[in-house]
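Here the structure is laid out as structure tokens; the discussion comes afterwards.
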């Protein structure tokens with residue numbers, strides 16, 4: 001007789017909602033980490049494990065674009081934690097590069113010892129949107 005999986009619950013969520021630990025002028029498609037209070041702040045390099053990447057719809061949705069993506073400390077930020085997403089590049093990224101965070105939460109090429117967000121699935125110039133397969137780990141030193 002076959003197995004019955006009725007009632008089996010499998011979470012298919014790829015996002016979490018986290019509380020912002022600081023004001024961010026534009027959080028969209030940027031990389032976030034936890035601060036010492038467990039709140040989400042912009043990553044400022046590859047020195048801490050990543051939560052993930054803020055969704056393009058995260059923050060204020062302003063039809064005029066003046067404050068789109070802004071979050072105040074205490075606001076919720078929707079963050080993608082797995083699978084394939086898009087991240088804003090802070091430098092040129094090649095397909096296959098290991099991605100970490102630059103100084104402003106944008107994507108940068110990982111160096112030895114950095115925490116890695118994932119692998120670039122597209123080639124982009126600075127300020128472009130790189131597709132990334134999120135698979136977090138720390139690169140060997």
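Residue numbers (the UniProt record's numbering): 1 to 141.
Cβ coordinates follow ideal geometry from the N, Cα and C atoms, glycine included.
In the displayed model, residue 50 falls within coil according to three-state DSSP, outside both helix and strand. Distance from residue 20 to residue 77 at the Cβ level is roughly 5 Å; contact confirmed, criterion being Cβ atoms closer than 8 Å. Three or more pairs of CB atoms, one per stretch, sit closer than 8 Å, so the segment 14-32 contacts the segment 46-55. Looking only at 47, 75 and 137, the smallest Cα-Cα distance to residue 119 is reached by 137. The segment 101-118 makes contact with the segment 35-50; the number of CB pairs closer than 8 Å reaches 3 or more.
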